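>
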Amino acid sequence: MTKQVLPLIEKIPQTILGFLESSPSCWSSSLSKTTQAHARILKSGAQNDGYISAKLIASYSNYSCFDHANLILQSIPDPNVYTFSSLIYALTKAKLYSQSLGVFSRMFSRGLIPDTHVLPNLFKVCAELSAFRAGKQIHCVACALGLDGDGFVQGSLFHMYMRCGKMGDARKVFDRMSNRDVVTCSALLCGYARKGCLEEVVRVLAEMESSGIEPNIVSWNGILSGFNRSGYHKEAMVMFQKMHHLGFLPDEIAVSSVLPSVGDSERLDIGRQIHGYAIKQGLLKDKCVISAMIDMYGKSGHVYGIIELFEQFELMETGVCNACITGLSRNGLVDKALEMFALFKEQKMELNVVSWTSIIAGCAQNGKDIETLELFREMQVAGVKPNRVTIPSMLPACGNIAALVHGRSAHGFAVRVHLLDDVHVGSALIDMYAKCGRINMSQVVFDMMPTRNLVCWNSLMSGYSMHGKAKEVMSIFESLVRTRLKPDFISFTSLLSACSQRCLWSQTPASGELC
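Take the sequence shown: its position 49, counted from the start at 1, is 49 in UniProt numbering, and no numbers get skipped.
Here it is in structure tokens:
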């Protein structure tokens, strides 16, 4: 607090100063107290003091009055780092990250240097916005100022690089950290797992052991979850076995995290071992474990395991029921799935969009087209809104039985809820209209799509080929080749099928021209 402003502060009643210096929790009593304090400060002429202005900014920000707070900052002739940091902190706390970064830009343009209080907030902002370039630039500023060795700065910087997926930069910061603990090590392990870096995970575990830092259950769960979510199923199973071998007892989260990897790898032998372990440890009381176990058995083709688990589970829970329906349908037991779904409805279970979509997809994939459309109708009657997975699941049934009315209804719904930007919805509509004899509508849907993947192109080519329009197929194929997408087996099948119908072999592009 400057000496020049002391006489001005003396004019401010002690109650006002006490209010401003109190903790933010005391400010919640009344916004009017803040405005009254602001008025008294203006009257005393102490509004240009950085300390008082910072307190006012914090007080207004506590009520989300950021416009007032910003006006106070702008009205100060010579604001300091403290006043800017008050608004940066408040905006960051309110999750107004872009605005927070904007205030820092104004601060930096004035030649004010960020300190160890401002930098952690800025790195948090960059992490939330995935603003890697901005974070990197601020990191350079911290290095130039010699502040990159501060523990709080290092922690927030490490978190920022992790959130941006920049493992190399995160590792460099980690290696320089003087206060590494199990929390930062666990975060690094999880990050490497998400990238599928098994060797790096093992290396970090070894470094932790040599440093006397023992991984906890959170560390292992982060590893398993990271590998599983990124599709590194083999690595997830390897680390689960290593975890157990080292004497750590996997909990509900660990078991639920590794079972999807076991199912996707179709390792029924490992799945049964985990099932036995779950029984021994009493983990089958957890609904997430049950759902994951049922899903694993479904992916492994072991339907008896699904039924046995469901019958043993006393509590009817939506997630468990969804897993049962999906598992049975995936293995062709759609009648059993329908029977189970009817039981759920009778027992007044709270069936969500996943429940309805699972049974609709199961019926459609197993040739029960009438049942698919009836379930779709029941879903809407029940007040459950279809989503971007439901529509592509039911549209094949419309095409198979030429149920154009139902298909158009689904198309209208997709338009109303803005689902046409989804490539799966678009390609399913193209295919449905083609099978219903409305190839012109297939073209309309295709033309209206903002983005198209190879499935969309193949659906349109297949539709024209189905209608014997060889020249259109060739034209679409040539347009496809001009994009960055590479034709696949289905693309060539549609092309050759169309050409064979019209004897246009001589016009078919040579395979060498496509390379």
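Just so it is clear, CB atoms sit at the ideal spot from N, CA and C, and this is done for glycine as well. Please read all numbers here as calculations on a predicted model, not as lab measurements.
From what residue to what residue does the alpha helix (DSSP H) around Ile223 run?
Here residue 223 is taken as the residue at index 223 of the sequence shown, counted from 1. Ile217 to Arg229 is the extent of the alpha helix (DSSP H) around Ile223.
> Just to confirm the assignment: which complete alpha helix (DSSP H) runs, minimum length 4, are found wholly within the region 289-344?
303-312 and 318-330
> For Ala236, which residues in the same chain have their Cβ closer than 6 Å to its Cβ, ignoring the five residues on either side in sequence?
Position 236 of the sequence shown holds residue 236. Counting only Cβ-Cβ distances below 6 Å, and skipping sequence neighbours, we find Leu224, Phe227, Asn228, Val258 and Ser261.
> Rounded to a whole number of angstroms, what is the C-alpha to C-alpha distance between Asp286 and Asp67?
What you label residue 286 is simply residue 286 of the sequence shown in a count that begins at 1. What you label residue 67 is simply residue 67 of the sequence shown in a count that begins at 1. Rounded to whole angstroms, Asp286 to Asp67 spans 48 Å at the Cα level.
> Taking the alpha carbon of Asp78 as the point to measure from, which residue in Ser61, Gln99 and Ala54 has its own alpha carbon closest?
Working through the sequence shown from its first residue, we reach residue 78 at position 78. Looking at the Cα atoms, Ala54 is the closest of the given residues.
> Given Met296, which residues of its chain have a CB within under 6 Å of its CB, disregarding the five upstream and five downstream residues?
Indexing the sequence shown from 1 puts residue 296 at position 296. The answer, listed in chain order, is Leu259, Val262, Gly263 and Gly271.
> Any idea if Pro114 is buried or exposed, counting beta-carbon neighbours within 10 angstroms, 16 or more meaning buried?
Along the sequence shown, one-based indexing puts residue 114 at 114. Buried, because 16 or more other Cβ atoms sit within 10 Å of the Cβ of Pro114.
> Would you mind listing the alpha helix (DSSP H) stretches within the UniProt repeat "PPR" (181-215) that are 4+ residues and don't spill past its ends, in chain order?
182-194 and 198-210
> Taking only the alpha-carbon atoms, compute the straight-line gap between Asp369 and Phe341 and give it to the nearest angstrom.
As a working note, residue 369 is residue 369 in the sequence shown. As a working note, residue 341 is residue 341 in the sequence shown. Spanning the two alpha carbons is a distance of roughly 17 Å.
> Taking the C-alpha atoms as reference points, what is the distance between Met243 and Ile290?
Taking the first residue of the sequence shown as position 1, residue 243 is located at position 243. Taking the first residue of the sequence shown as position 1, residue 290 is located at position 290. Approximately 21 Å, taken between the alpha carbons.
> Whether or not the region 318-335 and the region 354-373 are in contact is what I'm after, with contact meaning three or more pairs of Cβ atoms, one per stretch, closer than 8 Å; do they touch?
Yes, the region 354-373 is in contact with the region 318-335.
> For Leu119 and Leu147, which I take to be in contact (beta-carbon distance under 8 Å), what is that distance rounded to the nearest angstrom?
As a position in the sequence shown, residue 119 is number 119, starting the count at 1. As a position in the sequence shown, residue 147 is number 147, starting the count at 1. 6 Å between Cβ atoms; contact.
> If we ignore side chains and look at the alpha-carbon of each, how far apart do Cys324 and His117 end up?
Here residue 324 refers to the residue found at position 324 when the sequence shown is read from its first residue. Here residue 117 refers to the residue found at position 117 when the sequence shown is read from its first residue. One Cα belongs to Cys324, the other to His117, and the distance between them is close to 52 Å.
> When you compare each of Leu268, Asn221 and Leu198 to Val238 by their alpha carbons, which one comes out closest?
Within the sequence shown, the letter at position 238 stands for residue 238. Of the listed residues, the one whose Cα sits closest to Val238 is Leu198.
> Under the three-state reduction of DSSP, which class applies to Ile476: helix, strand or coil?
On the sequence shown, residue 476 is found 476 positions in, with the first residue counted as 1. Three-state result, Ile476: helix.
> Helix, strand or coil for Glu378? Go by DSSP, reduced to three states.
For the purposes of this step, residue 378 is identified with residue 378 of the sequence shown, where counting begins at 1. In this structure, Glu378 counts as helix in the three-state DSSP scheme.
> What is the rounded straight-line gap between the Cα of Ile306 and the Cα of Phe489?
By one-based count along the sequence shown, residue 306 stands at place 306. By one-based count along the sequence shown, residue 489 stands at place 489. Each residue's Cα considered, the two are about 36 Å apart.
> Suppose you measure from the CA of Arg171 to the CA of Leu188; what does that come to, to the nearest Å?
For the purposes of this step, residue 171 is identified with residue 171 of the sequence shown, where counting begins at 1. For the purposes of this step, residue 188 is identified with residue 188 of the sequence shown, where counting begins at 1. Cα-Cα distance, rounded: 8 Å.
> Compare the Cα-Cα distances from Leu404 to each of Ala382, Leu373, Tyr89 and Gly383 and report the closest residue.
Start at 1 with the first residue of the sequence shown, and residue 404 comes out as number 404. Comparing Cα positions, the closest option is Leu373.
> Give the single residue among Tyr232, Trp220 and Ile253 whose Cα lies nearest to the Cα of His245.
Residue mapping note: residue 245 aligns to position 245 of the sequence shown, counting from 1. For His245, the nearest C-alpha among the options comes from Trp220.
> Terminal residues of the continuous alpha helix (DSSP H) containing Tyr433?
Position 433 of the sequence shown, counted from the first residue, corresponds to residue 433. Val423 to Lys435 is the span of the alpha helix (DSSP H), which, as asked, contains Tyr433.
> With burial defined as no fewer than 16 other Cβ atoms inside 10 Å of the residue's Cβ, what is the status of Pro450: buried or exposed?
Taking the sequence shown and counting its residues from 1, one reaches residue 450 at position 450. When all chains shown are included, Pro450 counts as exposed.
> What is the C-beta distance between Leu485 and Leu454, in whole angstroms, given that I count them as a contact (C-beta under 8 Å)?
Counting from one through the sequence shown, the residue named residue 485 turns up at place 485. Counting from one through the sequence shown, the residue named residue 454 turns up at place 454. The Cβ separation is near 5 Å, so the contact holds.
> When you compare the CB positions of Cys185 and Ile213, do they come within less than 8 Å of one another, or not?
Here residue 185 refers to the residue found at position 185 of the sequence shown. Here residue 213 refers to the residue found at position 213 of the sequence shown. The Cβ atoms of Cys185 and Ile213 sit closer than 8 Å to each other.
> At the level of alpha carbons, what is the spacing between Arg163 and Asp175?
The sequence position of residue 163 within the sequence shown is 163, counting from 1. The sequence position of residue 175 within the sequence shown is 175, counting from 1. If I take the Cα positions, the gap works out to 18 Å.
> Report yes if the CB atom of Val444 is closer than 8 Å to the CB atom of Gly426, and no otherwise.
Here residue 444 corresponds to residue number 444 of the sequence shown, with the count starting at 1. Here residue 426 corresponds to residue number 426 of the sequence shown, with the count starting at 1. Their beta carbons are not under 8 Å apart, which means Val444 does not touch Gly426 by this criterion.
> So which of Glu472, Leu429, Arg438 and Lys469 has the shortest CA-CA distance to Arg452?
Taking the sequence shown and counting its residues from 1, the one referred to as residue 452 is at position 452. The candidate whose alpha carbon is nearest that of Arg452 is Leu429.
> Does the distance from the CB of Met107 to the CB of Gly135 come in under 8 Å?
Here residue 107 refers to the residue found at position 107 of the sequence shown. Here residue 135 refers to the residue found at position 135 of the sequence shown. Result no, Cβ atoms of Met107 and Gly135 do not sit closer than 8 Å.
> Exposed or buried, what is Tyr89 when buried is set at 16 or more other beta-carbons lying within 10 Å of its beta-carbon?
Here residue 89 refers to the residue found at position 89 of the sequence shown. Label assigned to Tyr89: buried.
> In angstroms with no decimal places, state the Cα-to-Cα distance between Val173 and Phe158.
Counted from its first residue, the sequence shown places residue 173 at position 173. Counted from its first residue, the sequence shown places residue 158 at position 158. About 6 Å.
> Is the beta carbon of Ala410 closer than 8 Å to that of Cys436?
Position 436 of the sequence shown, counting from 1, holds the residue named residue 436. Position 410 of the sequence shown, counting from 1, holds the residue named residue 410. Their beta carbons are not under 8 Å apart, which means Cys436 does not touch Ala410 by this criterion.
> Return yes when the Cβ of Ser100 is within less than 8 Å of the Cβ of Thr92, no when it is not.
Within the sequence shown, numbered from 1, the residue matching residue 92 stands at position 92. Within the sequence shown, numbered from 1, the residue matching residue 100 stands at position 100. Cβ distance < 8 Å, so Thr92 and Ser100 count as in contact.
> Please state whether DSSP places Cys126 in a helix, a strand or coil.
Numbered from 1 along the sequence shown, position 126 holds the residue referred to as residue 126. Cys126: helix per DSSP, three-state reduction.
> Quick one: complete alpha helix (DSSP H) runs, 4+ long, within the region 219-283?
Along the length of the region 219-283, whole alpha helix (DSSP H) runs at least 4 residues long occupy 233-245, 252-264 and 268-281, reported in chain order.
> Rounded C-beta distance between Asp431 and Gly399? I'm assuming under 8 Å.
Within the sequence shown, the letter at position 431 stands for residue 431. Within the sequence shown, the letter at position 399 stands for residue 399. With 8 Å as the limit, Asp431 and Gly399 qualify as a contact, their Cβ atoms being about 6 Å apart.
> Rounded to a whole number of angstroms, what is the C-alpha to C-alpha distance between Leu205 and Gly276?
Taking the sequence shown and counting its residues from 1, the one referred to as residue 205 is at position 205. Taking the sequence shown and counting its residues from 1, the one referred to as residue 276 is at position 276. If I take the Cα positions, the gap works out to 28 Å.
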